[in-house]
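Sequential numbering from 106 applies to the sequence shown in this note's numbering. Report on the following structure.
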Amino acid sequence: MKCHSCGYEDERWLPTCHNCYKEQPLQIPPTVDLKPFVKAIFHEEFEVSREAVQKLIALLTPRGQLIVVYYYGLDGGERLVDRRIGEDFLGVRKQAVNRVRLKWIKYLRHPTRAKILVESKIGS
Ligand SMILES: [Zn+2]
Numbered sequence: 106m107k108c109h110s111c112g113y114e115d116e117r118w119l120p121t122c123h124n125c126y127k128e129q130p131l132q133i134p135p136t137v138d139l140k141p142f143v144k145a146i147f148h149e150e151f152e153v154s155r156e157a158v159q160k161l162i163a164l165l166t167p168r169g170q171l172i173v174v175y176y177y178g179l180d181g182g183e184r185l186v187d188r189r190i191g192e193d194f195l196g197v198r199k200q201a202v203n204r205v206r207l208k209w210i211k212y213l214r215h216p217t218r219a220k221i222l223v224e225s226k227i228g229s
């Protein structure tokens, strides 16, 4: 994805640009299925707006963003397992990635954050 500030292009979206280190807001492509992400938080599937998910992702640390976005493929890229995220992007073991991922999912499950998704619920 192309950096909003310097134009540097990377294979995938990154929380911060590898060249200029500026934060890169996540733009979720319309093709991305948000249901697995929603299910992880609520244990049920429903449609939510992409804007609401983008808002939530922005609340995480850059490391948390990378893990959650790649695990659920929210940037439109391939969904990756904890091991691949750890080995290819962070240089840590899958257990560490798993721990961080579950921590942030739990954080998003808190009513003050979860309500952002619930309020953006589409249809039903
Ligand atoms: Zn840049």
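Where is the CB? At the ideal position from N, CA and C, for every residue including glycine.
The alpha helix (DSSP H) spanning residue i covers which residue range?
i: Arg168; result: 167 to 177
i: Asn203; result: 199 to 214
i: Pro130; result: Neither: Pro130 is in no alpha helix (DSSP H) and is coded neither H nor E.
i: Val143; result: 140 to 147
Should residue i be labelled buried (16 or more other beta-carbon atoms within 10 Å of its own) or exposed?
i: Leu234; result: Limits of the chain in this structure are 106 at one end and 229 at the other, which puts residue 234 out of reach.
i: Asp187; result: buried
i: Leu164; result: exposed
i: Gly169; result: buried
i: Asp180; result: buried
i: Pro120; result: buried
i: Ile172; result: buried
Give the straight-line distance between the Cα atoms of residue i and residue j, rounded to the nearest whole angstrom.
i: Trp209; j: Arg198; result: 17 Å
i: Asn124; j: Gln200; result: 29 Å
i: Arg204; j: His215; result: 17 Å
i: Lys140; j: Glu150; result: 5 Å
i: Glu192; j: Val153; result: 31 Å
i: Ile133; j: Phe142; result: 12 Å
i: Phe147; j: His109; result: 33 Å
**Q.** Below 6 Å from a heavy atom of ligand 1 - residues by beta-carbon
**A.** Cys108, Ser110, Cys111, Tyr113, Cys122, Asn124, Cys125, Lys127
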